[in-house]
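Colleague: The numbering used here numbers the first residue of the sequence shown as 904 and each following residue consecutively.
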Amino acid sequence: MCIQCSVGAEGVNMKSDVRIVQAALNQALSPEKPLVVDGLIGPATISVIDAFQRGAVGLNRPDGRVDPNGRTLRTLKDLQPKAFSSDCLAAVMPTAPLSKIETYYPLMQSASEQDESVSGARRLAHFLAQIGHESLSLYYTEELASGKAYEGRSDLGNTEPGDGVRFKGRGLIQLTGRYNYEKYAEYAGIDTSQPDWPELLSTPEHALKVSLWFWDTRHLQEKADQDDLLGITRRVNGGYNGLSDRQAYLQRAKFFLE
């Protein structure tokens, strides 16, 4: 299942697991006052777990705890509306500040409705898994390294002095190199003479949009339809770095979407 350890009364209460349970409870119960999906265990979350166990699970003696392979988690899974929501995004991206969720959710919701390459539960789940790993849960949209290592890389179109730094990795799935930047600018209708080019790709709107462009132009939706995590990871990463982490992101996304 998608939590690693127990959540609730006398549970291990890893922050990422607590966020998943909080989001799942909100979506299963649609309470008048939803839990804050912050990963912090407290009386409010334990009380809702207890009430869920009494009602939906049918336990006479609820323990206020959700276990990784337990009946409570299975019931939570069964009662998910299978829809993308801000709570879903917060649970899938376990270390993302809530401010990042508030910024990216409307952009991603719009994309999930309008962009065929990420429409449908399976495609969206795989997309979320890859951007989650690549950006460390929506935290990074620009490569930490200076980009000097890309200097003179003609295979990336870096033919001018300073191109390596200027066109270093940006986006939730990082785009690298003059050639790729120019291709994206052509697609997005960006005036590359504007002062904030190419740093523009680090902004939330373009960080997501360039990742969607990469996803579509590499036909990764076809790999997603086949549930081919290995194939997608190879095209995104060039290898299989971080595969177990990508798998964990995918499991969380599927818990809510499928």
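Quick reminder that beta carbons are idealized off the backbone N, C-alpha and C, glycines included.
Run through DSSP, which three-state label would E1045 get?
Modeller: Sequence index remark: in the sequence shown, residue 1045 carries index 142 (1-based). Looking at E1045 - three-state DSSP - the assignment turns out to be strand.
Colleague: Let me know if G1035 comes out buried or exposed under the rule of 16 or more other beta-carbons within 10 Å of its beta-carbon.
Modeller: Here residue 1035 corresponds to residue number 132 of the sequence shown, with the count starting at 1. It counts as buried.
Colleague: At the level of alpha carbons, what is the spacing between Y1042 and K1003?
Modeller: Numbered from 1 along the sequence shown, position 139 holds the residue referred to as residue 1042. Numbered from 1 along the sequence shown, position 100 holds the residue referred to as residue 1003. Cα to Cα, the separation comes out at about 8 Å.
Colleague: Are the segment 1063-1080 and the segment 1112-1119 in contact at 8 Å, needing three or more beta carbon pairs?
Modeller: As far as the Cβ criterion goes, the segment 1063-1080 touches the segment 1112-1119, which means the pair count is three or higher.
Colleague: Hey, out of L1010, A931, L1078 and A1156, whose CA is closest to Y1053's CA?
Modeller: For the purposes of this step, residue 1053 is taken as the residue at position 150 of the sequence shown. The candidate whose alpha carbon is nearest that of Y1053 is L1078.
Colleague: Going by DSSP in three states, L982 sits in which element: helix, strand or coil?
Modeller: Here residue 982 refers to the residue found at position 79 when the sequence shown is read from its first residue. Of the three classes helix, strand and coil, the one that applies to L982 here is coil, per DSSP.
Colleague: According to DSSP, simplified to helix, strand and coil, what is R977?
Modeller: For the purposes of this step, residue 977 is taken as the residue at position 74 of the sequence shown. DSSP places R977 in helix when its eight states are reduced to three.
Colleague: Let me make sure I understand the geometry here. Which of A1032, Q1033 and E1005 has the alpha-carbon closest to that of P1107?
Modeller: Locating residue 1107 in the sequence shown gives position 204, counting from the first residue. It is E1005.
Colleague: Tell me whether the beta-carbon of E1019 lies closer than 9 Å to the beta-carbon of Q1124.
Modeller: One-based indexing of the sequence shown puts residue 1019 at position 116. One-based indexing of the sequence shown puts residue 1124 at position 221. It is a contact, given that the beta carbons lie within the stated cut-off.
Colleague: If you drop the 5 nearest sequence neighbours on each side, which residues of the same chain put their C-beta closer than 7 Å to that of A1032?
Modeller: Residue numbering aside, residue 1032 sits at position 129 when the sequence shown is read from its first letter. Answer for A1032: R1149, Y1152, L1153 and A1156, listed in chain order.
Colleague: Which partner residues does L1078 have in the DSSP bridge list?
Modeller: One-based indexing of the sequence shown puts residue 1078 at position 175. DSSP lists R1073 as partners of L1078.
Colleague: Taking just the CA atoms, how far does R1026 sit from R1137?
Modeller: In the sequence shown, residue 1137 corresponds to position 234, counting from 1. In the sequence shown, residue 1026 corresponds to position 123, counting from 1. Those two C-alpha atoms are separated by around 16 Å.
Colleague: Rounded to whole angstroms, what's the CA-CA distance from Q956 to Y1090? Just pull it up for me.
Modeller: Counting from one through the sequence shown, the residue named residue 956 turns up at place 53. Counting from one through the sequence shown, the residue named residue 1090 turns up at place 187. Q956 and Y1090: Cα-Cα distance of roughly 51 Å.
Colleague: How is V910 classed by DSSP in three states: helix, strand or coil?
Modeller: As a working mapping, residue 910 is identified with position 7 in the sequence shown. Reduced to three states, the DSSP call for V910 is strand.
Colleague: How would you call T1044, buried or exposed, if buried means at least 16 neighbouring beta carbons within 10 angstroms?
Modeller: The residue given as residue 1044 occupies position 141 in the sequence shown. Classification of T1044: buried, given that the 10 Å Cβ count is 16 or more.
Colleague: Taking a contact to mean a Cβ-Cβ separation below 9 Å, would you say L1059 touches Y1082 in this structure?
Modeller: The residue labelled residue 1059 in the question sits at position 156 within the sequence shown. The residue labelled residue 1082 in the question sits at position 179 within the sequence shown. It is a contact, given that the beta carbons lie within the stated cut-off.
Colleague: Taking its Cβ as the centre, do 16 or more other Cβ atoms sit within 10 Å of P1009, making it buried, or is it exposed?
Modeller: Position 106 of the sequence shown, counted from the start, is the residue given in the question as residue 1009. By the neighbour-count rule (16 or more Cβ atoms within 10 Å), P1009 is not buried but exposed.
Colleague: Going by the CB atoms, is the gap between M904 and F1158 shorter than 9 Å?
Modeller: Translated into the one-based positions of the sequence shown, residue 1158 becomes position 255. Translated into the one-based positions of the sequence shown, residue 904 becomes position 1. Cβ distance < 9 Å, so F1158 and M904 count as in contact.
Colleague: Between P971 and I906, which are expected to be in contact by the criterion C-beta below 8 Å, what is the C-beta distance as a whole number of angstroms?
Modeller: As a working note, residue 971 is residue 68 in the sequence shown. As a working note, residue 906 is residue 3 in the sequence shown. P971 to I906, Cβ: 5 Å. Contact.
Colleague: For G961, count neighbouring Cβ atoms within 10 angstroms of its own Cβ and tell me buried if that reaches 16, exposed if not.
Modeller: In the sequence shown, residue 961 corresponds to position 58, counting from 1. G961 comes out exposed.
Colleague: If I'm right that L1160 touches K985 with Cβ under 8 Å, what's the distance once you round it to whole angstroms?
Modeller: The residue you call residue 1160 lines up with position 257 of the sequence shown. The residue you call residue 985 lines up with position 82 of the sequence shown. Contact holds; Cβ gap of about 6 Å.
Colleague: Just verifying my parser: in three-state terms, what is the DSSP assignment at R1121?
Modeller: Here the question's residue 1121 lines up with position 218 in the sequence shown. Correct three-state label for R1121: coil.
Colleague: Out of L1146, G1134, A1127 and S919, which has the shortest C-alpha to C-alpha gap to V1021?
Modeller: Residue mapping note: residue 1021 aligns to position 118 of the sequence shown, counting from 1. The candidate whose alpha carbon is nearest that of V1021 is A1127.
Colleague: With burial defined as no fewer than 16 other Cβ atoms inside 10 Å of the residue's Cβ, what is the status of R968: buried or exposed?
Modeller: Here residue 968 refers to the residue found at position 65 of the sequence shown. R968 comes out buried.
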